[in-house]
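Just add 130 to the spot in the sequence shown (first one is 1) and you have this note's numbering. Written below as structure tokens is the structure these notes are about.
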Amino acid sequence: MKRAYGITHNIYNKKCMSIHTKIRHYNTVIKPQALYASETLTILTKSDMENILKEERKIIRKILSPKRTEEGYRLYSRKTTQQMSNIAAHIRKRRRKFYGHISRLPPTRIANRIPKYIKGVKSTTPWITQVEIDIQKA
């Protein structure tokens, strides 16, 4: 996410572009690059997800730019940035989608057999465990 933002960060400094255009750019360029590997991403600790969310909030605050008040400039609150986008929900959704795709493959396909084999050998596979938790929460 940092890399995708770093390439295009100058776009968000421009005042001539509307906020709607900047958000559309974020949703079509930066977010897909961040979500590309999220299907197989294993987030081991809560702080890993918090770091991802923190980076997303930083980018969205940059898009929205500070608000001018009588006291000076004020950044948007966490609630406002979470209404714009929540990448954690998108990551969980993509993992569930990928897991469903793998489980629906014919049993003759190796992509279907690998997770079943690993689950049989190791009882605690982090990625499969996280996906099953995501499925239970959904």
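Where a beta carbon is used, it is the ideal one built from N, C-alpha and C, also for glycine.
One question on the structure: do residue i and residue j come within less than 8 Å of each other, judged by their Cβ atoms?
i	j	result
N245	I258	According to the sequence displayed, residue 245 carries Pro and not Asn. Result yes, Cβ atoms of P245 and I258 sit closer than 8 Å.
L183	I217	yes
Y142	K152	yes
I265	R226	yes
Y229	V251	no
I248	A241	no
Mind reading off the beta-carbon distance from residue i to residue j? Whole number of angstroms is fine, and I expect it under 8 Å.
i	j	result
I224	S168	Strictly speaking, residue 224 in this sequence is Arg, with Ile absent from that position. Their Cβ separation, rounded to whole angstroms, is 5 Å, which keeps R224 and S168 in contact under 8 Å.
Beta-carbon within less than 6 Å of residue i's beta-carbon, same chain only, minus the 5 sequence neighbours each way: which residues are those?
i	result
I173	M179
Y135	I160 and I189
P256	T172
L235	A241 and N242
Suppose the cutoff is 8 Å on Cβ atoms and the five residues either side in sequence are ignored; what does the same chain contact list for residue i look like?
i	result
L165	I217, H220, I221 and R224
T138	H155, V159 and I160
Take residue i and list the residues in its own chain whose beta-carbon comes closer than 7 Å to its own, dropping the five residues that flank it on each side.
i	result
I193	Y142, I149, K152, I153 and Y156
C146	none
Counting only runs of 4+ residues fully inside the stretch 146-183, write out the alpha helix (DSSP H) ranges in chain order.
You should have 149-155 and 161-165.
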